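Data first, discussion second: the structure below is written as structure tokens.
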Amino acid sequence: MVTPDEAVTPLIRGITVLRELTEADGTLSLSGLERATRLARSTVDRITATLARMGYVRVDGRDVHLSPRLMELGNAYLAALRLPALLAARADALADELDESVSLAVADRDGIRFIHQATRRRAMSLSFRIGDLLPAERTAPGPLFATEWTATDWQRWRERRAADPRDLSFTAVPPRKYGADARDDEMFVSRTQEAAANGWALDDQLIEPGLVAVSVPVRSPHAVGDHRPPACVASVVSHTSRHTAHSLRTTLLPRLQAAVTQMEQELDRTPPPPPGTPPTNLALWTGASKQRLGRDFIESLARGLTVLTAFGEGRPELTLTEVAQATGLARATARRALITYEHLDLVTPTGDRTFALTPRVLSLGFPPLSRTTLPDIAHPHLSDLTSRIHESTSLAVLSESGEEIQYTARVATGRVMSVNITLGTRLPAYATALGRVLLADRTIGQAPLPHDLRPLTPHTITDKQRLTHTLTSVRSQGYALVDEELEEGLRSIAVPIRDRSGRVVAALNTAMHASRHSLRECVTDLLPELTATATRIESDLHTATRFTHVP
Ligand code: PHB
Numbered sequence: 028m029v030t031p032d033e034a035v036t037p038l039i040r041g042i043t044v045l046r047e048l049t050e051a052d053g054t055l056s057l058s059g060l061e062r063a064t065r066l067a068r069s070t071v072d073r074i075t076a077t078l079a080r081m082g083y084v085r086v087d088g089r090d091v092h093l094s095p096r097l098m099e100l101g102n103a104y105l106a107a108l109r110l111p112a113l114l115a116a117r118a119d120a121l122a123d124e125l126d127e128s129v130s131l132a133v134a135d136r137d138g139i140r141f142i143h144q145a146t147r148r149r150a151m152s153l154s155f156r157i158g159d160l161l162p163a164e165r166t167a168p169g170p171l172f173a174t175e176w177t178a179t180d181w182q183r184w185r186e187r188r189a190a191d192p193r194d195l196s197f198t199a200v201p202p203r204k205y206g207a208d209a210r211d212d213e214m215f216v217s218r219t220q221e222a223a224a225n226g227w228a229l230d231d232q233l234i235e236p237g238l239v240a241v242s243v244p245v246r247s248p249h250a251v252g253d254h255r256p257p258a259c260v261a262s263v264v265s266h267t268s269r270h271t272a273h274s275l276r277t278t279l280l281p282r283l284q285a286a287v288t289q290m291e292q293e294l295d296r297t298p299p300p301p302p303g304t305p306p307t308n309l310a311l312w313t314g315a316s317k318q319r320l321g322r323d324f325i326e327s328l329a330r331g332l333t334v335l336t337a338f339g340e341g342r343p344e345l346t347l348t349e350v351a352q353a354t355g356l357a358r359a360t361a362r363r364a365l366i367t368y369e370h371l372d373l374v375t376p377t378g379d380r381t382f383a384l385t386p387r388v389l390s391l392g393f394p395p396l397s398r399t400t401l402p403d404i405a406h407p408h409l410s411d412l413t414s415r416i417h418e419s420t421s422l423a424v425l426s427e428s429g430e431e432i433q434y435t436a437r438v439a440t441g442r443v444m445s446v447n448i449t450l451g452t453r454l455p456a457y458a459t460a461l462g463r464v465l466l467a468d469r470t471i472g473q474a475p476l477p478h479d480l481r482p483l484t485p486h487t488i489t490d491k492q493r494l495t496h497t498l499t500s501v502r503s504q505g506y507a508l509v510d511e512e513l514e515e516g517l518r519s520i521a522v523p524i525r526d527r528s529g530r531v532v533a534a535l536n537t538a539m540h541a542s543r544h545s546l547r548e549c550v551t552d553l554l555p556e557l558t559a560t561a562t563r564i565e566s567d568l569h570t571a572t573r574f575t576h577v578p
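Residue numbering for the sequence shown follows the working numbering, beginning at 28 and increasing consecutively.
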């Protein structure tokens with residue numbers, strides 16, 4: 028397709044960089060990006076500098092990594108779509124009930140794209156991620172969506188099959204060994220006819236040996252004439268070691284259908300949400316960044332990307348005027364960005380001069396980032412903190428028993444500490460600053476204190492009442508400072524990391540020899556740095572967990 032004259036070239040290039048990083052599972056070297064995008068090195072450098080300033084990528088030496096913040100683009104699409112918010116809990120409950128994976132997918136032209144995954148991790152089968160795109164004809168949801176296809180859609184599908192017979196453009200699936208032939212294509216046509224007649228469809232190892240699935244459409248509450256097209260398709264996915272396609276159909280299909288009926292009721296009865304607030308002052312921010320970074324900041328790229336975040340919950344369809352208002356951009360700028368996105372299939376015109384995001388927005392980083400863990404999120408922030416304060420920093424969580432803390436991320440300085448801590452190290456919760464921060468949140472719910480409060484040094488608090496008292500003040504002051512209670516000469520200060528609901532899910536600390544900082548300096552110098560870092564980690568965590576589960 029020819030690029031429209033008014034399309035914004037730097038925006039097209041920036042999107043190309045994000046998509047190549049996504050295809051490469053989130054990381055490429057700068058020279059790898061140069062090869063993959065065929066852009067000049069100086070262009071790649073300026074684009075990555077701009078994306079880094081936006082918090083969408085992180086440049087670490089020669090490597091460029093996608094950052095969790097980028098998920099705000101996919102989140103804008105998923106929030107506008109609303110289906111995950113309304114249906115994910117039911118999909119998860121069905122996965123628990125059946126002990127099989129359950130997914131939700133939407134149509135993306137002649138492919139299907141996942142918007143939710145309740146995955147039972149199992150050996151032997153590959154599992155797909157939110158945002159992964161699969162060729163319709165190799166899936167169970169595909170024929171259900173194809174029942175809605177027009178002659179033009181079928182034509183486009185035939186052209187794609189001819190141009191890419193081995194599915195090489197679908198990087199989430201293993202390529203076909205032999206290019207598909209006319210018989211394969213006929214099979215999809217007849218599977219679509221059966222899907223229309225049955226109201227369900229099967230995938231009997233079309234993606235890879237062993238992988239089987241059964242799917243049912245979740246019908247939209249909005250009828251087109253007297254027909255309700257699928258809003259999405261729900262699938263139960265299993266493996267031939269547990270189910271054949273036939274047994275999926277006879278045993279699990281009825282339970283999937285029952286869950287889908289409930290999902291449809293949920294869609295029918297929930298009124299549209301009021302428009303959420305768009306982000307503020309983005310245009311001001313891009314202007315300030317331009318002033319700071321000068322030539323390395325490509326303002327047209329940054330401005331263009333902010334257009335995607337104008338959409339969101341209660342804001343699924345926007346006019347040009349609304350996009351301009353939401354972003355603070357000039358109408359002409361917003362218009363050219365929308366033209367560019369329409370050309371890239373990231374935005375589609377809907378109804379009366381309005382636009383909506385397409386599922387393809389999820390191809391901007393979502394699949395690899397949806398598998399991020401809290402230690403992954405925290406690590407770069409710990410590195411920054413360690414390089415600023417020149418002390419080791421760590422992240423820890425509470426063990427299930429609540430007796431111990433376990434280190435899950437750590438950035439050490441060269442200095443030798445007598446406590447030898449590596450990832451996975453466990454220490455008693457009651458005698459560590461990390462542990463006290465974690466216990467302080469738990470004791471709100473009246474969880475019992477650790478049993479065994481033995482003295483580890485002459486300073487260790489071993490009295491239950493004193494410990495309870497200390498935890499109360501940790502909770503009210505928002506940090507824990509522990510001085511030589513775990514080991515003589517060792518001092519540590521820790522702050523909580525909270526999830527979207529406000530629960531403390533981890534703690535962040537720095538520990539040092541007592542001679543390096545007085546207790547007072549810990550609070551005046553180190554605490555503000557720790558708190559600022561915790562805020563950055565929380566911001567990434569909250570973006571990443573809006574529609575995905577972060578372990
Ligand atoms: C999946 O959710 O992983 C899935 C769903 C339907 C298929 C294949 C895989 O046909």
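Cβ coordinates follow ideal geometry from the N, Cα and C atoms, glycine included.
Since this is a predicted model, take the numbers as computed values, not measurements.
Of the listed residues the options, nearest to residue i (C-alpha basis)
{"i": "A272", "options": "D230, D526, Y434", "result": "D230"}
{"i": "I416", "options": "E99, R442, L568, L553", "result": "L553"}
{"i": "A456", "options": "D479, E430, P475", "result": "E430"}
{"i": "T452", "options": "S426, I366, R282, L483", "result": "S426"}
{"i": "T348", "options": "T43, A329, R358", "result": "R358"}
{"i": "D126", "options": "L55, R269, N225", "result": "R269"}
{"i": "V531", "options": "M539, T537, H540, A521", "result": "A521"}
{"i": "Q182", "options": "D137, A145, P201", "result": "D137"}
{"i": "L466", "options": "A190, L275, E369, R502", "result": "R502"}
{"i": "T336", "options": "D211, L384, R255", "result": "L384"}
{"i": "C549", "options": "L517, R387, E340", "result": "L517"}
{"i": "G101", "options": "S421, T413, R193, P395", "result": "P395"}
{"i": "S247", "options": "T277, L365, M290", "result": "M290"}
{"i": "T495", "options": "L513, D510, G462, S519", "result": "G462"}
{"i": "P170", "options": "V216, H576, T440", "result": "V216"}
{"i": "P302", "options": "L280, L345, T278", "result": "L345"}
{"i": "R147", "options": "A120, V133, D135", "result": "A120"}
{"i": "D411", "options": "G441, T560, R73", "result": "T560"}
{"i": "F582", "options": "D52, V577, T30, A79", "result": "Because the chain is modelled from 28 through 578, residue 582 falls outside the range shown and cannot be assessed."}
{"i": "E293", "options": "R117, K317, L454, A364", "result": "R117"}
{"i": "H576", "options": "A423, A222, R65, I157", "result": "I157"}
{"i": "L279", "options": "G82, S128, D180", "result": "S128"}
{"i": "V241", "options": "H249, R218, L275", "result": "L275"}
{"i": "R493", "options": "M539, G226, L480, T484", "result": "L480"}
Cβ distance (whole Å) where residue i is taken to contact residue j below 8 Å
{"i": "F172", "j": "A163", "result": "6 Å"}
{"i": "P159", "j": "R140", "result": "Here residue 159 turns out to be Asp, not Pro, going by the sequence shown. Rounded, the Cβ-Cβ distance is 7 Å, consistent with contact."}
{"i": "V243", "j": "A261", "result": "6 Å"}
{"i": "G14", "j": "P299", "result": "Since the first residue of the chain shown is 28 and the last is 578, residue 14 is not available in this structure."}
{"i": "T413", "j": "V446", "result": "Not really, about 17 Å apart at Cβ, beyond 8 Å."}
{"i": "V263", "j": "L114", "result": "So it is not a contact: roughly 14 Å between Cβ atoms."}
{"i": "A228", "j": "A167", "result": "5 Å"}
{"i": "D194", "j": "R203", "result": "6 Å"}
{"i": "D468", "j": "P523", "result": "6 Å"}
{"i": "T459", "j": "I432", "result": "6 Å"}
{"i": "V71", "j": "V35", "result": "Their Cβ separation, rounded to whole angstroms, is 17 Å, which puts V71 and V35 out of contact at 8 Å."}
{"i": "P95", "j": "T570", "result": "6 Å"}
Coarse secondary structure for residue i, derived from DSSP in three states
{"i": "Q232", "result": "coil"}
{"i": "H370", "result": "helix"}
{"i": "I448", "result": "coil"}
{"i": "G88", "result": "coil"}
{"i": "P455", "result": "strand"}
{"i": "E512", "result": "coil"}
{"i": "Y104", "result": "helix"}
{"i": "G462", "result": "helix"}
{"i": "M539", "result": "strand"}
{"i": "E25", "result": "In this structure the chain extends from 28 to 578, so residue 25 is not present and cannot be described."}
{"i": "P523", "result": "strand"}
{"i": "T77", "result": "helix"}
{"i": "R518", "result": "strand"}
{"i": "V577", "result": "coil"}
{"i": "S274", "result": "helix"}
{"i": "L66", "result": "coil"}
{"i": "H417", "result": "coil"}
Under 8 Å: do the region 561-572 and the region 515-530 share three or more Cβ pairs, one atom per stretch?
yes
Sequence ranges, alpha helix (DSSP H) only - wholly within the region 177-257, length at least 4:
178-190, 209-225
When the Cβ atoms of the region 324-331 are set against those of the region 38-52, are three or more pairs found closer than 8 Å?
yes
Meets three-Cβ-pair contact criterion under 8 Å: the region 361-375 and the region 56-73
no
I'd like the ranges of any alpha helix (DSSP H) spanning at least 4 consecutive residues and lying wholly in the region 97-163.
98-108, 110-125
Would you check if the region 43-50 and the region 84-93 touch, i.e. whether three or more CB-CB distances between them fall below 8 Å?
yes
Secondary structure, alpha helix (DSSP H): runs of 4+ residues fully inside the region 306-386:
309-320, 326-335, 347-354, 358-370
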